[in-house]
Amino acid sequence: MLNSFALAFCQFIFLLLCALPLSSQAASTKEAPLDLSIIEQSNALRPYMTQQQRVDYIEAAQLIKQAESDIRSGRNLQTQKPSTLNPDKDLKPIHEHGKQLVKEGQAKVRSAQQQMIALLTAAQDQQINNQAVAAKKYNFEVIEQTYPIAIEQAAIQTLENCRNAGYTNIFYDGLHIITAIQSSKAAPEVHNATYDTFIQADGTQFSVKVPLGLKLVLDEATASYIFQYENASVFAGEKVALLAIEVITPGDGTEALLSVRALDLDSQQLISSVLFYIADAHQVLSPSAAAPIIAVESTTEVTNTPTTTAVVTTARTIPVSVTINDPNQLIEKLSGLANPYLFETVTTGDSTAQSILVAGLLKDTLLKNSALILIEGSYIQRSYLPVEASPDALASEATATLAITPNADHYTMIAKAHESDRALEIGTIRLNLPE
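Everything in the sequence shown is counted per my numbering, starting at 152 for the first residue and increasing by one.
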């Protein structure tokens with residue numbers, strides 16, 4: 152029914168656009184001509200109409216079609232001439248009737264056009280409102296916090312999100328540090344301190360467990376890598392969430408983005424995401440080193456001029472906020488598909504850390520503000536897949552990709568379906584650094 156409705160709508164739009172030159176020229180010279188330019192946007196604005204507005208719009212298009220027919224009939228009557236069989240026939244009443252038909256037809260056309268303009272203007276206002284809501288929905292500021300408070304709050308929120316999603320088994324397998332050149336596991340003291348934080352946040356729930364010897368091994372039957380751990384029999388048939396804890400440092404300083412996520416161990420689906428900006432994460436990056444000394448520059452002249460001290464600071468590389476531009480609300484449309492895609496995020500950046508950072512920022516807001524299903528195959532690949540293994544050997548449930556590519560001052564986001572070459576440009580992502 153919806154398809155037939157849409158087909159009828161498009162047919163009426165086509166007829167209307169064909170008739171517009173005639174109707175606009177036929178408008179009464181005593182009235183100012185209407186601006187019909189918005190009607191050319193009808194296909195783009197139709198999704199923002201209510202059901203009743205669409206019905207009213209089609210009825211207006213039908214009225215124009217009928218009125219144009221009346222105008223043509225009236226003009227034919229006005230041009231009638233005496234026939235050879237009846238040369239004395241009085242044609243004045245016929246001409247007057249034709250004139251009246253044209254006048255009434257033009258009035259109907261103008262009235263219908265006014266109604267269509269009003270309906271499309273209302274739809275355009277709704278489109279602008281939806282865009283403003285979407286901008287507010289997906290754009291966000293990156294919250295700053297000290298590392299001890301950030302990891303504690305992230306642990307509390309993540310465990311709560313996992314339990315709300317029905318997971319009573321939550322695996323802790325360490326913390327990873329992502330720099331511009333490598334990804335590695337944190338030092339033992341950081342590993343243990345993080346585990347203690349999650350155990351304390353877990354309290355009496357006893358949902359945080361340790362998978363013994365968790366690793367990816369090659370399944371000879373499927374030629375794909377699968378997770379294996381020594382105490383797997385204890386959790387057979389139960390839902391298991393894996394914590395993905397990363398400290399991402401794209402620059403050369405000690406600032407970092409703490410990303411604490413949780414994913415389903417079997418399906419790789421993202422369950423929870425919590426982010427914090429850490430201005431100084433030295434206790435994680437260099438736990439055995441002393442507190443960093445702030446570099447200073449002193450200059451003393453021969454005279455008694457006081458010594459001046461200048462603090463040398465490193466430029467921030469992690470954004471203070473993120474702006475996601477989705478002008479056609481395609482994220483919402485993809486979220487509402489009857490057969491939803493399962494999206495893997497693939498980001499191209501200046502470095503590994505920058506790519507992971509951008510992907511983390513995007514996935515965090517998509518998970519919290521949309522119904523898109525996100526797959527964490529990229530995390531499993533960089534954290535567990537053996538170096539000698541081919542990336543294709545890691546089985547993934549993803550059926551589509553969100554490809555994020557950098558431009559001069561923003562990133563472009565494109566959705567690509569795996570089963571075809573179809574690609575849909577969703578919009579842009581802008582990382583806003585301090586001015």
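Using N, Cα and C, we set each Cβ at its ideal position, and we do this for glycine too.
In terms of CA proximity to residue 397, 329 leads the group 222, 329, 252. Residue 272 counts as exposed, since fewer than 16 other C-beta atoms from the protein chains shown sit within 10 angstroms of its C-beta. Runs of the beta strand (DSSP E) lying entirely within the segment 318-394, each at least 3 residues long, are 320-322, 326-330, 334-336, 366-370, 375-379 in chain order. The continuous beta strand (DSSP E) containing residue 583 extends over residues 574-583. If only complete runs of 3 or more residues are kept, the segment 479-523 shows the beta strand (DSSP E) at 493-498, in order along the chain.
Per DSSP, reduced to three states, the secondary structure at residue 571 is coil, with no helix or strand assignment.
Looking from the CA of residue 500, the closest CA among 385, 571, 560 belongs to 560. From the listed residues 430, 224, 234, 401, the smallest Cα separation to residue 247 is found for 224.
Sorting 564, 333, 538, 427 by C-alpha distance to the C-alpha of residue 495 places 564 at the top. Residue 553 carries a strand assignment under DSSP once its states are collapsed to helix, strand and coil.
Fewer than three beta-carbon pairs drawn from the segment 312-319 and the segment 374-385 are found closer than 8 angstroms, and the two stretches are therefore not classed as touching.
Only residues of its own chain outside the window of five on either side were considered, and among them 336, 342 have a CB closer than 6 angstroms to the CB of residue 325, listed in chain order. Annotation for residue 428: the continuous beta strand (DSSP E) segment containing it runs 421-429. With fewer than 16 other beta carbons inside 10 angstroms of its own, residue 357 counts as exposed. Under the three-state reduction of DSSP, residue 205 is assigned to helix. For residue 412, the number of other beta carbons within 10 angstroms of its own is at least 16, and it is reported as buried. Rounded to whole angstroms, the separation of the alpha carbons of residue 182 and residue 210 is 24 angstroms. Between the alpha carbons of residue 298 and residue 345 lies a distance of about 11 angstroms. DSSP places residue 197 outside any alpha helix (DSSP H), giving it a letter other than H or E.
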